[in-house]
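Contents: one structure, followed by commentary.
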Amino acid sequence: MSATAGQAQGERGLAERLSLKPGQVVQEIGWDEDVDDELRESIEELTGNELLDEDSDDVVDVVLLWWRDGDGDLFDALSDAMRALADGGQIWLLTPKAGREGHVEPSDIGEDAATAGLSQTSSISAAPDWSGTRLVAPKGRR
Numbered sequence: 354m355s356a357t358a359g360q361a362q363g364e365r366g367l368a369e370r371l372s373l374k375p376g377q378v379v380q381e382i383g384w385d386e387d388v389d390d391e392l393r394e395s396i397e398e399l400t401g402n403e404l405l406d407e408d409s410d411d412v413v414d415v416v417l418l419w420w421r422d423g424d425g426d427l428f429d430a431l432s433d434a435m436r437a438l439a440d441g442g443q444i445w446l447l448t449p450k451a452g453r454e455g456h457v458e459p460s461d462i463g464e465d466a467a468t469a470g471l472s473q474t475s476s477i478s479a480a481p482d483w484s485g486t487r488l489v490a491p492k493g494r495r
């Protein structure tokens with residue numbers, strides 16, 4: 354396997370950790386200089402679509418929400434992110450891992466997600482510096 358093929362497989366693996374599928378439309382909210390570009394590129398590669406920015410009015414399958422402690426009110430951000438979601442859509446909340454600047458406590462995520470009417474279904478290591486929390490609206494509320 355060539356280095357390029359291995360690199361492509363590794364990048365595809367980053368997006369696959371998020372259970373994304375070809376053809377899905379993903380909106381990115383909270384981009385800043387510290388985001389993981391390899392994860393972003395792998396999402397575009399796997400879905401075949403460019404990431405939509407936070408100003409997009411399109412209905413999306415997935416919202417990728419980069420969030421750091423100090424970014425504001427997480428409940429408000431989650432509530433805003435839900436507006437763009439298609440039925441059955443999901444939010445991937447990406448936060449800096451423990452020990453990194455901007456880390457958000459899991460208890461804060463759980464509390465704000467529940468208040469926004471979202472259920473936490475899984476947590477993963479999304480990238481070297483970022484943890485991912487998958488949030489969905491309960492089936493009765495979709």
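Numbering-wise, my numbering comes out as the position in the sequence shown, counting from 1, plus 353. Every residue gets a Cβ at the ideal spot worked out from N, C-alpha and C, and that includes glycine.
Check: residue i C-beta below 8 Å from any heavy atom of the ligand COA
| i | result |
| --- | --- |
| residue 398 | Ligands displayed in this structure: none; no statement on the ligand COA is therefore possible. |
Whether residue i touches residue j by CB criterion (9 Å)
| i | j | result |
| --- | --- | --- |
| residue 427 | residue 392 | no |
| residue 421 | residue 457 | yes |
| residue 367 | residue 396 | yes |
| residue 382 | residue 430 | yes |
Span separating the alpha-carbon of residue i from that of residue j
| i | j | result |
| --- | --- | --- |
| residue 408 | residue 419 | 15 Å |
| residue 477 | residue 450 | 10 Å |
| residue 389 | residue 481 | 8 Å |
| residue 460 | residue 410 | 31 Å |
| residue 394 | residue 380 | 13 Å |
| residue 369 | residue 398 | 11 Å |
| residue 384 | residue 474 | 23 Å |
Simplified DSSP assignment, three categories, for residue i
| i | result |
| --- | --- |
| residue 441 | strand |
| residue 381 | strand |
| residue 472 | strand |
| residue 429 | helix |
| residue 404 | coil |
| residue 370 | coil |
| residue 387 | coil |
| residue 453 | coil |
| residue 424 | coil |
Residues of its chain near residue i, where Cβ-Cβ distance is below 7 Å and the 5 sequence neighbours each way are ignored
| i | result |
| --- | --- |
| residue 495 | Annotation note: pLDDT 41 at residue 495 (below 50); position unreliable, no value reported. |
| residue 455 | 421, 422, 423, 449 |
| residue 413 | 378, 379, 380, 405, 437, 438, 439, 442 |
Close beta carbons around residue i, own chain, < 8 Å, minus the five adjacent residues each side
| i | result |
| --- | --- |
| residue 472 | 466, 488, 489, 490, 491 |
| residue 432 | 469 |
| residue 445 | 371, 415, 416, 417, 418, 479, 485, 486, 487, 488 |
| residue 376 | 400, 401, 402 |
| residue 373 | 379, 396, 399, 400, 415 |
Residue i - partner residues in DSSP beta bridges
| i | result |
| --- | --- |
| residue 477 | 485 |
| residue 447 | 419, 485 |
| residue 413 | 438 |
Minimum Cβ-Cβ distance from residue i to chain B less than 9 Å
| i | result |
| --- | --- |
| residue 407 | You won't find chain B in this structure, because it holds only one protein chain. |
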